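Asks: These protein sequence lines are chains A and B, in that order.
For what it's worth, the numbering used here labels the leading residue of the first sequence as 1, then goes sequentially.
For what it's worth, the numbering used here labels the leading residue of the second sequence as 1001, then goes sequentially.
In this text, a Cβ means the ideal position worked out from N, Cα and C, and glycines have one as well.
Keep in mind it's a predicted model, so treat the numbers as computed, not measured.
There are 2 protein chains.
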Amino acid sequence: MEASVKILNCKGIEGLSMRTIAKELNIKAASLYWHFSGKLDLYGAIAEYLCLRYEMPAESDDPKDYLISSYKAYRAMLLSTRDSVSVLENSIPNTPRRMEIIRAMSKAFLKMGVKQETLTTVSNLFNNYVLSFVADECRFKNTTPDKIHELEQMLCPEDRLFLSIPSNFDEQFLYGLQVLFAGLEALRSREQNRTEQ
Amino acid sequence: MEASVKILNCKGIEGLSMRTIAKELNIKAASLYWHFSGKLDLYGAIAEYLCLRYEMPAESDDPKDYLISSYKAYRAMLLSTRDSVSVLENSIPNTPRRMEIIRAMSKAFLKMGVKQETLTTVSNLFNNYVLSFVADECRFKNTTPDKIHELEQMLCPEDRLFLSIPSNFDEQFLYGLQVLFAGLEALRSREQNRTEQ
DNA sequence: ACCTGAACACCGTTCAAGT
DNA sequence: ACCTGAACACCGTTCAAGT
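1) My understanding is that Val87/A touches Leu131/A, with C-beta atoms under 8 Å, so please give their C-beta distance in whole angstroms.
2) Whether or not the stretch 111–126 of chain A and the stretch 1175–1182 of chain B are in contact is what I'm after, with contact meaning three or more pairs of Cβ atoms, one per stretch, closer than 8 Å; do they touch?
3) Distance check for Ser1189/B and Gly192/A, CA to CA, integer angstroms please.
4) Report the option in Pro57/A, Ile92/A and Lys6/A whose CA atom is closest to the CA atom of Ala76/A.
5) Could you check what DSSP says for Ile92/A in three-state terms: helix, strand or coil?
6) Could you tell me the alpha carbon to alpha carbon distance between Ala108/A and Tyr66/A, rounded to whole angstroms?
7) Which residue spans inside the stretch 1151–1189 of chain B form an unbroken alpha helix (DSSP H) run of at least 4?
8) Enumerate in chain order the residues of its own chain whose CB-to-CB distance from Met18/A is below 7 Å, with the five nearest sequence positions on each side excluded.
9) Would you say Ile21/A and Ala3/A are within 8 Å of each other, going by their C-beta atoms?
10) Helix, strand or coil: how does DSSP classify Thr81/A here?
11) Taking the alpha-carbon of Asp41/A as reference, which of Ser70/A, Lys111/A, Ile13/A and Asn94/A has the nearest alpha-carbon?
12) In whole angstroms, what is the alpha-carbon distance linking Val1114/B and Ala1186/B?
13) For chain A, find out if any of its Cβ atoms is closer than 8 Å to the Cβ of Leu1016/B; answer yes or no.
14) In whole angstroms, what separates the C-alpha of Asp1128/B from that of Asp1146/B?
15) Mind pulling the chain A residues with CB within less than 7 Å of Ile1027/B?
16) For Ser1106/B, go through chain A and note every residue whose CB falls closer than 7 Å to its CB, in chain order.
17) I think Asn1228/B touches Asp136/A, with their Cβ atoms under 8 Å apart; what is that distance to the nearest whole Å?
18) From Val1005/B, Glu1150/B, Glu1089/B and Arg1160/B, pick the residue whose C-alpha is nearest to that of Arg139/A; which is it?
19) For a contact meaning CB atoms closer than 7 Å, what does Gln1178/B contact in chain A?
20) Name the two residues that bound the continuous alpha helix (DSSP H) containing Glu1024/B.
21) Closer than 8 Å, CB to CB, is Leu151/A near chain B or not?
22) Would you tell me roughly how many angstroms separate the C-alpha atoms of Gly183/A and Pro63/A, rounded to the nearest one?
23) Can the beta-carbon of Tyr1043/B be found closer than 8 Å to that of Ser1106/B?
24) Would a check of beta-carbon distances place Ile1068/B closer than 8 Å to chain A?
25) To which residues of the same chain is Phe1133/B closer than 7 Å at the C-beta, ignoring the five residues directly before and after it?
26) How long is the line joining the alpha carbons of Ile1007/B and Leu1016/B, rounded to whole angstroms?
27) What's the C-alpha gap between Pro1157/B and Leu155/A?
28) Does any residue of chain A have a CB that is nearer than 8 Å to the CB of Tyr1071/B?
29) How would you list, in chain order, the residues of chain B whose beta-carbon sits under 8 Å from the beta-carbon of Ile165/A?
30) So, at 8 Å on beta carbons, what are the nonlocal neighbours of Ile148/A in its own chain, with the 5 sequence-adjacent residues on each side left out?
31) Tell me which same chain residues have a C-beta within less than 6 Å of the C-beta of Leu52/A, skipping the five on either side of it?
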C-alpha cells in the first residue's frame, strides 16, 4: 500500500502497474498475485488504505454540520494523494473502513429526514459530487498556464465565459455542497406541506 | 467513429484499442496515427460523434423545463452506447457539438439567475451528476444477480440497507435533478432576501 | 494523401518450478 | 508460505518505407 501511494504521488495512476509496484518492493510482478487476486483487488486495498487517512469528524447533534465537515475531510483526503479519485472510482466500497464511512454518512442523512427509498440515490449524489469535483479540481490545477491559454485561443469570447476556470476551489466546493443540502431541505419541506394538507 | 461505437457496444471500453479499431476498418493500427494524434484525440472525436446523437430540446421560455428535458436527453444519449461515460470523461469538450450543448445549458442557467462566478461550478455540478448517475446505473445493471447476492452475503443486515440498489432508475434520476434545481432556487431566494434587507 | 511492417517499451495474468 | 522465470496475449506509439 505504501509503495502504491508513493508511485501514485510520483507518476500518477498511469505509472501504477503490477510491475512498478513489484519493483518498488524489490520483488517480481507475479508475486503480487499471491497477495491479491488481480489489479481490481489491489485497487480495492489501496482505496481502503487511503480511506484510513480520512479523519472522521466528531459526532454532532446537527447531521448537516456533521456531513459538511465529513465531506470537507473527504475532499482533503482525496487531495492528499494524486489520482486517488481514479482508485476509489475503480473499486467496490465493501471494505471495513469504507463501509464505516458510508454507514456514518447514511445515518446522518436518515437523521436529516431523507427517505429510505432515496437513501442510496442521495448518498451517491453527494459522494459523486465530491469525487467529480476533486477530479475536475485536479485536472484544472494540473493544466499549465500555456495549455490554458492555448485552449482559450480556440474559443470565441462568449464561449470563454462558459469554460472559465474557477480560482477559489474551497469556496466553490462549499457552494456546491450548499446547493445539495438546500435542495434536500427544500424537497423535504415540500413533502411535509403535501402531507399536512 | 462508427467502428468505434460498434466495438464499444460489443466489447466495452476495455476492448476499444487502436488495434481493434484498425481491425474493424481492415487497416493497421499505425494508420490511425495519420488521422488522429493519439488515443485521447480519438476519444475526443468519438465523444463528439456521440454528442451528435444528443437531441437538443426545443427552446423554451422556462429555463428549468428546458434544462430538465436537456438532461433527460443527455442521459438517453449516454445510455444508448456502452461505456460512453468513460469516453466523455476522458476527453476535453472543446469540439463544436459539445460546445454547442455547453453554451445552450449555460445560457439557461444564467436565465435561471445563476451568477457568473458560479456558472462553471453549477454547470459542472449538473454535468457530473448525469455522468456519474449513468455510470452507477450501468454498473448496477451489469452486475449479475449472483454477484449482488454474493456481495449482500458479506454485509450485515444494517449495511445491506445502505448499499441497496434502486430499481426505478428513471424516477431516481429525476429525484436527483430535482434536488439540484431546488437547491439552486433556494440559494437564489436566500441571496435575494439578503440584498433586500 | 494514406497505408504498412517492424520495432520499442510497455501492460495484466498464469503457472510450473523453486525455497 | 512466499517468490520467480518464462511465457502468453495484449497495449500505445514511432518511423522509415511503400504506393
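Replies: Result, derived from the coordinates:
1) For the purposes of this step, residue 87/A is taken as the residue at position 87 of the first sequence. For the purposes of this step, residue 131/A is taken as the residue at position 131 of the first sequence. Between Val87/A and Leu131/A the beta-carbon gap is near 11 Å, outside 8 Å, which marks them as no contact.
2) Counting C-beta pairs with one atom in each stretch, the stretch 1175–1182 of chain B and the stretch 111–126 of chain A have three or more that are closer than 8 Å, which means they touch.
3) The residue you call residue 192/A lines up with position 192 of the first sequence. The residue you call residue 1189/B lines up with position 189 of the second sequence. Here residue 192/A is Gln; the residue named in the question, Gly, does not match the sequence. Each residue's alpha carbon lies about 20 Å from the other.
4) The count along the first sequence starts at 1 and reaches residue 76/A at position 76. Ranking Pro57/A, Ile92/A and Lys6/A by CA distance to the CA of Ala76/A puts Pro57/A first.
5) Stepping through the first sequence from its first residue, residue 92/A is reached at position 92. Three-state DSSP puts Ile92/A in coil, outside helix and strand.
6) Here residue 108/A corresponds to residue number 108 of the first sequence, with the count starting at 1. Here residue 66/A corresponds to residue number 66 of the first sequence, with the count starting at 1. A direct Cα-Cα distance of roughly 7 Å separates Ala108/A from Tyr66/A.
7) As far as the stretch 1151–1189 of chain B is concerned, its whole alpha helix (DSSP H) runs of at least 4 residues are 1157–1162.
8) Here the question's residue 18/A lines up with position 18 in the first sequence. Cβ within range, chain order: Ala29, Leu32 and Lys39.
9) Taking the first residue of the first sequence as 1, we reach residue 21/A at position 21. Taking the first residue of the first sequence as 1, we reach residue 3/A at position 3. Taking 8 Å as the Cβ cut-off, Ile21/A and Ala3/A qualify as a contacting pair.
10) By 1-based counting over the first sequence, the position of residue 81/A is 81. Here Thr81/A sits in coil by DSSP.
11) Here residue 41/A refers to the residue found at position 41 of the first sequence. The option with the nearest alpha carbon to Asp41/A is Asn94/A.
12) Against the second sequence, residue 1114/B aligns to sequence position 114. Against the second sequence, residue 1186/B aligns to sequence position 186. Going from the Cα of Val1114/B to the Cα of Ala1186/B covers about 12 Å.
13) Locating residue 1016/B in the second sequence gives position 16, where the first residue counts as 1. No, its Cβ sits nowhere closer than 8 Å to a Cβ of chain A.
14) Stepping through the second sequence from its first residue, residue 1128/B is reached at position 128. Stepping through the second sequence from its first residue, residue 1146/B is reached at position 146. As written in the sequence, residue 1128/B is Asn, which differs from the Asp given in the question. Their backbone Cα atoms lie some 30 Å apart in a straight line.
15) Walking along the second sequence from the start, residue 1027/B turns up at place 27. The premise fails here: Ile1027/B is roughly 27 Å from chain A at the closest Cβ pair, so nothing lies under 7 Å.
16) Sequence index remark: in the second sequence, residue 1106/B carries index 106 (1-based). Within 7 Å of the CB of Ser1106/B, the CB atoms of chain A belong to Phe162, in sequence order along the chain.
17) In the structure as shown, chain B begins at 1001 and stops at 1197. Residue 1228/B is therefore absent and cannot be evaluated.
18) For this step, residue 139/A is matched to residue 139 along the first sequence. The shortest C-alpha separation from Arg139/A is found at Glu1089/B.
19) Taking the second sequence and counting its residues from 1, one reaches residue 1178/B at position 178. Within 7 Å Cβ-Cβ: Leu187.
20) If you number the second sequence from 1, residue 1024/B lands on position 24. Looking at the DSSP string, the run of the alpha helix (DSSP H) that includes Glu1024/B is Met1018 to Glu1024.
21) Numbered from its first residue, the first sequence carries residue 151/A at position 151. At least one beta carbon of chain B lies nearer than 8 Å to the beta carbon of Leu151/A.
22) The residue given as residue 183/A occupies position 183 in the first sequence. The residue given as residue 63/A occupies position 63 in the first sequence. Looking at the two C-alpha atoms, the distance is approximately 15 Å.
23) Along the second sequence, read from residue 1 onward, the residue named residue 1043/B stands at position 43. Along the second sequence, read from residue 1 onward, the residue named residue 1106/B stands at position 106. Their beta carbons are not under 8 Å apart, which means Tyr1043/B does not touch Ser1106/B by this criterion.
24) Position 68 of the second sequence holds residue 1068/B. Ile1068/B does not count as touching chain A.
25) As a first step, residue 1133/B is located in the second sequence; it is residue number 133 there, counting from the start. So the list reads Phe1173 and Gly1176, once near-sequence residues are dropped.
26) Translated into positions along the second sequence, residue 1007/B becomes position 7. Translated into positions along the second sequence, residue 1016/B becomes position 16. C-alpha of Ile1007/B to C-alpha of Leu1016/B: approximately 6 Å in a straight line.
27) Position 157 of the second sequence, counted from the first residue, corresponds to residue 1157/B. Position 155 of the first sequence, counted from the first residue, corresponds to residue 155/A. The straight-line gap from Cα to Cα measures roughly 53 Å.
28) Locating residue 1071/B in the second sequence gives position 71, counting from the first residue. Contacts with chain A at 8 Å (Cβ-Cβ) do not include Tyr1071/B.
29) Start at 1 with the first residue of the first sequence, and residue 165/A comes out as number 165. Result: Thr1120.
30) Sequence index remark: in the first sequence, residue 148/A carries index 148 (1-based). Same-chain partners within the cutoff: Ile165.
31) The residue you call residue 52/A lines up with position 52 of the first sequence. Arg97.
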